[in-house]
Amino acid sequence: MIPELGQFALVLALSLALAQAIFPIYGALRGRVELMAVAVPAARGQFVFVVCSFVALAYAFLINDFSVAYVAANSNTALPWYYRFAAIWGAHEGSLLLWVLILGVWTTAVTVFSRELPVTFRSRVLGVMGVVSSGFLLFLLMTSDPFTRLDPAPLQGRDLNPLLQDPGLVMHPPMLYMGYVGFCVAFSFAVAALLGGRLDSAWARWSRPWTTGAWVFLTIGIAMGSYWAYYELGWGGWWFWDPVENASFMPWLAGTALIHSLAVTEKRSAFKRWTVLLAILTFSLSLLGTFLVRSGVLTSVHAFATDPLRGVFVLGLLVAVVGGSLALYAWRAAKVRSIGRFELLSRETMLLLNNAVLTVAAATVLLGTLYPLAMDALGLGQVSVGEPYFNSVFLPLGLPLLVLVAIGPLLKWKSERWPELMHKLRGPLLIAGITLLVLSWWFWQVSLGAVLGITLAVWVATGSFEVVRQRVSGRRNPLAALRRLPRSIVGMALAHLGLAVFVAGVTAVNTFESSRDLQMRPGEAYTVGDFTFRFDGTQSIQGPNYQATEARIEVLREGKSVTVLHPQKRVYQVQRSPMTEAAIDGGVFRDMFVALGEPLGNEAWSFRIRLKPLVRWIWFGAVMMAIGGVICITDPRYRRLLGREAATRQGAVAKRFSEVRT
Amino acid sequence: MTRRRKRLVLIGLLMAGVAAAAMLALTAFQQNLLYFFSPSQVAAGEAPPDYPFRLGGLVVAQSVKRVSGSLDVRFQVTDGNRSIPVTYTGVLPDLFREGQGVVAHGQLDADGVFRADQVLAKHDEEYMPPEVKKALQVSDNDANPSRSSGGEP
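As you go down the protein sequences, you meet chains A and B in turn. Per this note's numbering, the very first residue in the first sequence carries number 48; after that it's consecutive. Per this note's numbering, the very first residue in the second sequence carries number 39; after that it's consecutive.
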């Protein structure tokens with residue numbers, strides 16, 4: 048009964064989504080207020096029904112209702128309740144439902160936080176979101192119904208893929224989807240602005256916090272995915288240039304470009320057309336990511352579906368949304384004019400270069416991801432594009448970007464003079480110069496890349512500090528000045544500092560990591576650097592739904608025990624598949640990573656032992672970027688200005704109403 | 039500089055940058071494209087010598103041999119028609135098993151042995167790497183043309 052109710056709720060949600068798509072847009076076109084008024088209640092009603100449907104599926108999972116095919120395929124009575132809950136998005140149908148649910152969250156957030164927007168504009172925004180939601184609800188109901196019954200119901204479920212039985216599963220997909228789907232808001236704002244023909248700095252100011260919000264979630268989502276891969280996929284890498292990772296990285300690159308170009312559009316009324324195009328492209332890349340991951344054209348842990356109908360449907364949706372919005376862009380964008388002028392040496396130019404680099408980076412990832420698919424589809428042979436390609440492309444793209452990151456925020460808008468720039472840059476130049484000299488002295492034989500990477504990290508970090516210092520120093524009361532700094536400046540500085548931390552981490556791991564596969568018998572030891580890893584033997588462990596062999600590895604430094612690691616080899620009872628659970632001792636400056644391989648006879652086991660310096664900085668950096676984004680969103684100026692504009696506009700609307708009435 | 043000049047400089051710079059990036063990407067692309075070959079194709083000499091590629095198929099039953107005292111492994115990969123010997127040093131992935139599908143990354147040496155530096159076996163019991171599936175289907179069809187090609191290998 049409950050599953051049927053869940054399905055029925057989805058049908059109701061679809062009809063409300065259609066209402067939300069059709070009436071407000073048509074109403075905005077004809078200037079009919081009563082039709083536009085449908086937008087908010089339809090959006091909220093739709094959300095309520097999607098929540099009902101989601102709760103119904105969650106209930107089916109929690110009470111182990113194996114008469115629902117999706118539950119039977121992805122759950123098991125032995126699974127702990129939190130994994131049974133997270134198993135909702137452990138496969139295709141449920142993760143699509145999560146997608147729609149999160150779109151509902153964002154749509155409802157728009158209805159709540161944008162009361163001050165002009166009515167026609169808000170109706171168009173919600174209407175566009177309704178179109179997207181209708182498409183996905185149709186997809187869900189027609190090709191991937193999560194509530195299909197199984198008759199007769201099996202006594203036991205097939206269990207969740209053991210790889211997914213991890214706290215990472217509980218958080219990673221929802222975060223990532225919050226990011227993907229959040230760009231739908233920026234997209235809807237852009238399309239609404241194109242529909243209305245009004246594209247000014249107020250528009251940019253409205254969409255900035257939403258875009259940054261989506262970007263924060265995507266950043267966290269990607270970082271969590273990377274961390275999850277690091278400790279769960281077993282072999283200690285943090286990024287594999289797997290097509291599915293690329294699918295999330297492309298919208299991140301485009302979204303990062305969008306955040307920066309929105310800044311120019313808001314402050315200087317420049318780059319307008321480019322910003323709109325970028326908003327459309329960012330969401331298109333999010334959709335492409337969904338398509339690549341969910342249609343089964345890619346093969347990886349993430350790809351669930353192999354039903355060709357699904358692939359065709361998502362592709363159709365992709366073509367409709369991307370093609371439609373680009374056609375609208377081609378039709379309307381000519382009306383939009385940028386008015387802000389700027390000199391060659393100015394913050395605008397820096398942000399333009401930033402956008403050029405980030406867009407080219409996104410394009411190279413796109414090329415590397417789609418080319419093998421195209422080759423295969425055309426029957427030209429099966430190829431793959433691996434890590435070397437991406438590394439050799441990203442290095443030359445990233446270096447100039449890092450140089451610019453420190454300079455851009457120090458420049459004035461519109462025009463800056465070289466001598467002044469040099470004066471502002473003397474601190475960072477001095478510190479980065481000294482770093483370069485010192486590092487070259489020590490490391491130039493070891494690795495040129497390491498010297499460059501660390502120097503650039505220092506350069507970016509000092510540049511970020513310099514932005515804050517120049518606004519504070521020379522004031523009578525520096526502390527008070529620090530407290531009065533605009534939040535957007537603080538957020539930006541923190542995010543750029545996060546980038547520096549990230550770069551330092553990546554450089555250290557790539558250059559100074561040591562990794563070794565070896566075999567040990569109980570009592571034997573392996574020494575790397577200062578650390579000695581001693582294998583003390585294995586024992587059997589019984590988990591809730593698996594059995595494991597656990598090794599004991601004691602780590603010693605100068606004869607003293609540092610830590611004891613317990614890597615495991617698990618066999619899950621239902622799916623009978625082995626799983627490596629690596630043991631990691633994390634630290635600020637280094638991680639020790641031990642994975643248990645296989646028994647080699649004679650009590651000997653194979654191990655993979657890795658010492659990874661600064662690896663955590665990679666995720667620290669990402670978290671700092673995200674926190675920086677959050678600080679930017681809380682800048683009171685977005686609310687203040689919105690309030691003031693709304694006040695004047697509501698006055699105008701009220702006036703017009705009274706004119707209509709009389 | 040006039041505004042027009044400035045704009046031209048800016049556009050020129052951007053174009054040069056994008057062109058350089060495109061050049062770079064395409065060169066990197068050419069150099070790093072990895073082809074996939076089935077054991078039959080390798081046996082027929084279609085795979086390039088001294089150049090890395092990916093080899094996929096099923097691990098032949100009872101072919102996995104460990105060299106005692108080291109992490110060296112030898113095994114055979116087959117598509118049903120031909121099989122190719124593979125050597126690898128290191129820890130094998132969790133789902134590496136005889137009779138299962140694998141994809142190995144490496145180079146063919148002069149004696150026709152494939153030296154793998156990476157072995158992938160996917161993390162799903164039902165999962166078959168699509169290249170392997172296709173390679174098996176092709177060899178299946180060659181062997182008995184009467185059988186339908188859509189059948190699961």
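Just so it is clear, CB atoms sit at the ideal spot from N, CA and C, and this is done for glycine as well.
Own chain, CB closer than 7 Å to residue i, minus 5 neighbours either side, in chain order
i, result
"Leu187 (chain A)", "Leu57, Leu143, Leu144 and Val147"
"Pro193 (chain A)", "Leu104, Tyr117, Glu140, Gly141 and Leu144"
"Arg464 (chain A)", "none"
"Gly22 (chain A)", "Because chain A spans 48 through 709 in this model, residue 22 (chain A) falls outside it and cannot be assessed."
"Trp729 (chain A)", "Nothing can be reported for residue 729 (chain A), as the shown portion of chain A is limited to 48 through 709."
"Gly584 (chain A)", "Pro569 and Arg599"
"Ala107 (chain A)", "Ile49, Pro50, Val115 and Val118"
"Asp162 (chain B)", "With a pLDDT of only 46 at Asp162 (chain B), under 50, the local geometry of the prediction cannot be trusted, and the value read off the model is given with reservation. Hits under 7 Å: none found."
"Ile386 (chain A)", "Ser316"
"Phe264 (chain A)", "Met222, Met225, Gly226 and Gly229"
Cβ neighbours of residue i in the same chain (closer than 6 Å, five flanking residues each side left out)
i, result
"Ser78 (chain B)", "Asp117, Asn119, Arg120 and Ser177"
"Ala142 (chain B)", "Leu93, Val124, Ala154 and Val157"
"Val537 (chain A)", "Ile678"
"Ser347 (chain A)", "Residue placement at Ser347 (chain A) is flagged as unreliable, the pLDDT there being 43, under the threshold of 50; the coordinate-derived value follows with that caveat. Cβ within range, chain order: Asp289 and Val291."
"Ser100 (chain A)", "Gly53, Ala56 and Leu57"
"Met626 (chain A)", "Pro209 and Arg617"
"Leu59 (chain A)", "Phe96"
"Gln145 (chain B)", "Pro90 and Arg153"
"Trp250 (chain A)", "Ala240"
"Arg205 (chain A)", "Ala120"
"Lys103 (chain B)", "Arg112"
"Ala133 (chain A)", "Leu216 and Val217"
In DSSP terms, what residue i is bridged to
i, result
"Ala572 (chain A)", "A:Arg581"
"Gln586 (chain A)", "A:Glu597"
"Ala642 (chain A)", "A:Arg655"
"Pro660 (chain A)", "A:Arg637"
"Arg73 (chain B)", "This sequence places Tyr at residue 73 (chain B); Arg is not what is there. According to DSSP, which records beta bridges pairwise, Tyr73 (chain B) is partnered with A:Val430."
"Arg92 (chain B)", "B:Phe74 and B:His143"
"Phe113 (chain B)", "B:Val124"
"Lys103 (chain B)", "B:Arg112"
"Ala630 (chain A)", "A:Val641"
"Asp564 (chain A)", "A:Arg655"
Expected contact under 8 Å - CB spacing of residue i and residue j to nearest Å
i, j, result
"Leu130 (chain B)", "Val111 (chain B)", "7 Å"
"Asp238 (chain A)", "Val175 (chain A)", "Checking the sequence shown, residue 238 (chain A) turns out to be Val, not Asp. That belief holds up - the Cβ atoms of Val238 (chain A) and Val175 (chain A) are roughly 5 Å apart, short of 8 Å."
"Leu472 (chain A)", "Ile454 (chain A)", "7 Å"
"Phe549 (chain A)", "Ala673 (chain A)", "Their Cβ separation, rounded to whole angstroms, is 11 Å, which puts Phe549 (chain A) and Ala673 (chain A) out of contact at 8 Å."
"Val220 (chain A)", "Val115 (chain A)", "Residue identity check: residue 220 (chain A) is Pro in the sequence provided, not Val. Going by Cβ atoms, the distance from Pro220 (chain A) to Val115 (chain A) rounds to 20 Å, so no, they are not a contact pair."
"Val361 (chain A)", "Thr337 (chain A)", "7 Å"
"Thr509 (chain A)", "Ala528 (chain A)", "Not confirmed; about 20 Å, so no contact."
"Leu72 (chain B)", "Gln138 (chain B)", "That belief does not hold up - the Cβ atoms of Leu72 (chain B) and Gln138 (chain B) are roughly 22 Å apart, past 8 Å."
Contact set for residue i: own chain, Cβ-Cβ below 8 Å, skip 5 residues either direction
i, result
"Val575 (chain A)", "Ser561, Arg563, Ile656 and Leu658"
"Val556 (chain A)", "Trp285, Lys659, Pro660, Leu661, Val662 and Ile665"
"Pro533 (chain A)", "Asp682 and Arg684"
"His613 (chain A)", "Glu597, Ala598, Arg599, Ile600 and Ala630"
"Gly55 (chain B)", "none"
"Glu605 (chain A)", "Asp577"
"Met422 (chain A)", "Gly428, Gln429 and Val430"
Q: Pull out every residue of the stretch 54 to 86 of chain B whose Cβ sits closer than 9 Å to any Cβ of chain A, in chain order.
A: Gly55, Val56, Ala58, Ala59, Ala60, Leu62, Ala63, Leu64, Thr65, Ala66, Phe67, Gln69, Asn70, Leu71, Leu72, Tyr73, Phe74 and Phe75
Q. Any chance the stretch 299 to 316 of chain A sits against the stretch 366 to 379 of chain A, with 3 or more Cβ pairs inside 8 Å?
A. no
**Q.** Selection of the stretch 39 to 51 of chain B by Cβ proximity to chain A, strictly under 8 Å
**A.** Met39, Arg41, Lys44, Val47 and Leu48
(Q) Does the structure place the stretch 642 to 653 of chain A close enough to the stretch 230 to 246 of chain A that three or more beta carbon pairs sit under 8 Å? (A) Fewer than three pairs of CB atoms, one per stretch, sit closer than 8 Å, so the stretch 230 to 246 of chain A makes no contact with the stretch 642 to 653 of chain A.
Q.
Closer than 8 Å is the cut-off here; do at least three beta carbon pairs connect the stretch 58 to 70 of chain A with the stretch 193 to 203 of chain A?
A. no
Q: May I ask you to list, following chain order, the residues of the stretch 115 to 134 of chain B that have a beta carbon less than 9 Å from some beta carbon of chain A?
A: Thr127, Gly128, Val129, Leu130, Pro131, Asp132, Leu133 and Phe134
Q: Would you list, in chain order, the members of the stretch 497 to 508 of chain A that have their beta-carbon closer than 9 Å to a beta-carbon of chain B?
A: none
(Q) Whether or not the stretch 571 to 590 of chain A and the stretch 48 to 67 of chain B are in contact is what I'm after, with contact meaning three or more pairs of Cβ atoms, one per stretch, closer than 8 Å; do they touch? (A) no
(Q) Between the stretch 433 to 452 of chain A and the stretch 397 to 405 of chain A, can you find at least three pairs of beta-carbon atoms closer than 8 Å? (A) With a cut-off of 8 Å, the stretch 433 to 452 of chain A and the stretch 397 to 405 of chain A count as touching, because enough Cβ pairs lie within range.
**Q.** Selection of the stretch 380 to 400 of chain A by Cβ proximity to chain B, strictly under 8 Å
**A.** Arg388, Glu390, Leu391, Thr396, Leu399 and Leu400
Q: Check whether the stretch 512 to 526 of chain A touches the stretch 482 to 497 of chain A, counting contact only when three or more Cβ pairs, one atom from each stretch, lie closer than 8 Å.
A: no
Q: Would you list, in chain order, the members of the stretch 87 to 109 of chain B that have their beta-carbon closer than 7 Å to a beta-carbon of chain A?
A: Arg92, Arg104 and Leu109
Q: Taking a Cβ distance cut-off of 7 Å, strictly less, list which residues of the stretch 77 to 108 of chain A are near chain B, in chain order.
A: Taking 7 Å as the Cβ-Cβ cut-off against chain B, none of the residues of the stretch 77 to 108 of chain A qualify.
**Q.** Under 9 Å (Cβ pairs) to chain B, residues found in the stretch 562 to 582 of chain A
**A.** Asp564, Leu565 and Gln566
Q: Give the residues from the stretch 402 to 434 of chain A that approach chain B closer than 7 Å (Cβ to any Cβ), ordered along the chain.
A: Ala403, Val407, Thr411, Leu414, Gly428, Gln429, Val430, Ser431, Val432 and Gly433
Q) Any contact of the stretch 163 to 179 of chain A with the stretch 72 to 79 of chain A, i.e. 3+ C-beta pairs under 8 Å? A) yes
Q. For the stretch 65 to 85 of chain B against the stretch 411 to 430 of chain A, are there 3 or more C-beta pairs whose distance is under 8 Å?
A. yes
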